Amino acid sequence: MNPLIETKDLEFNKILTYPDMKIFPNQTSFITGKSGSGKSTLFKLFNKTLNPSRGKVFYNNNDIAELNTLELRKEILLVGQSVFLFDKNIRDNFSEYYTYLDKKTPNDDLIKKYLGICCADFSLDKDCISMSGGERHRVYLAICISLLPKVLLIDEPTAALDTLNSIKLIENLLNFSKENFLTMLIISHDQALTETFSQQTIKIGE
């Protein structure tokens, strides 16, 4: 099987260097490493938010430097630590993103299903501006999984959750990814979660 994402000699700003890595289709990989080791930067290199100062990232055997950025980001979605939601309710946020992508917005039952997967069981009329950072992160994650990308990059999805809900969220995401042939990469500082759920662990900065 060929890797879906592969890196070679990757470096950013001559400060952050990365091991060569291979991410295979339909696999869940956890990215670990100390703060400042470049984990979040790596995700931004994967979807061309940033460009490497050296080395290459390949997606489906293609150098991503040669791929259309907007088309790439439809297939590789990034859920960073800071996410953007409109100052509207949850339902309208789904609608805004789907309208932008020229897609039909899911009905309320489907939206609730995606929210439930992401441990975000809120009323669809809830105003997103009133939410905590962790709540906003999970609502945005729900929007992203609903779009069924090929690859989902998730930065610290359990940071604002207790242990039980952290386990529930990762279990839900793993089940969803298996059902929908989704490749997931998750940045996590939680060693127990990583050891329990990771199919591949990539250590950065060691």
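Here the UniProt record's numbering is used: the first residue of the sequence shown is 1, the next is one more, and so on. For every residue, glycine included, the Cβ atom is placed at its ideal position computed from N, Cα and C. Model, not experiment: these values are computed from the prediction.
What would DSSP say about residue 156, mapped onto helix, strand or coil?
In this structure, residue 156 counts as coil in the three-state DSSP scheme.
In the DSSP assignment, what are the bridge partners of residue 11?
DSSP, once it has assigned bridges, lists 17 and 54 as partnering residue 11.
Whole runs of the alpha helix (DSSP H) within the segment 60-91, excluding any shorter than 4 residues:
Runs of the alpha helix (DSSP H) lying entirely within the segment 60-91 and spanning at least 4 residues, in chain order: 69-75.
Check whether residue 40 and residue 205 have beta carbons under 7 Å apart
The answer is no: Cβ separation not under 7 Å.
Straight-line CA distance for residue 142 to residue 115?
About 5 Å.
How should residue 54 be labelled, buried or exposed, when 16 other C-beta atoms within 10 angstroms of its C-beta is the threshold for buried?
Flag for residue 54 reads exposed.
Reduced DSSP secondary structure (H/G/I, E/B, other) of residue 223
Any answer about residue 223 is impossible in this case: the structure gives the chain only from 1 up to 206.
Restricting to Cα atoms, I'd like to know which of 67, 61 and 60 is closest to residue 51.
Among 67, 61 and 60, the Cα nearest to that of residue 51 belongs to 67.
If you draw a straight line from the alpha carbon of residue 64 to that of residue 31, how long is it in whole angstroms?
Rounded to the nearest angstrom, the two C-alpha atoms are 20 Å apart.
Compute the beta-carbon to beta-carbon distance between residue 24 and residue 4, rounded to the nearest angstrom, for a pair I have assumed lies under 8 Å.
Contact flag correct, Cβ pair sits at about 6 Å.
Taking DSSP as the reference, what is the three-state secondary structure of residue 199?
Note: residue 199 maps to coil in three-state DSSP.
Looking at the unbroken alpha helix (DSSP H) that takes in residue 129, where does it start and where does it end?
In the DSSP assignment, residue 129 falls outside any alpha helix (DSSP H) and carries neither an H nor an E.
Is the beta carbon of residue 187 sitting closer than 7 Å to the one on residue 155?
Contact check for residue 187 against residue 155 passes: the beta carbons are separated by less than 7 Å.
I'd like to check one pair, residue 138 with residue 120: are the Cβ atoms closer than 7 Å?
Cβ distance < 7 Å, so residue 120 and residue 138 count as in contact.
Helix, strand or coil: which one does DSSP assign to residue 166?
It is helical.
Whole-Å CB distance - residue 161 paired with residue 134, under 8 Å assumed
About 7 Å; that satisfies the 8 Å criterion.
Chain C beta carbons: is any one of them nearer than 7 Å to that of residue 39?
Here chain C cannot be found, since the structure has a single protein chain.
Check whether the Cβ atoms of residue 126 and residue 89 lie closer than 7 Å to each other.
In this structure, residue 89 lies closer than 7 Å to residue 126 by Cβ.
So what does DSSP say about residue 49, is it helix, strand or coil?
Of the three classes helix, strand and coil, the one that applies to residue 49 here is coil, per DSSP.
Proximal residues to residue 136 (C-beta, below 8 Å), its chain only, five neighbours per side dropped
Around residue 136, the same chain offers 83, 85 and 128 as residues with beta carbons nearer than 8 Å, after the five sequence neighbours per side are excluded.
Starting from residue 187, trace the beta strand (DSSP E) in both directions and tell me its first and last residue.
For residue 187, the enclosing beta strand (DSSP E) starts and ends at 183-187.
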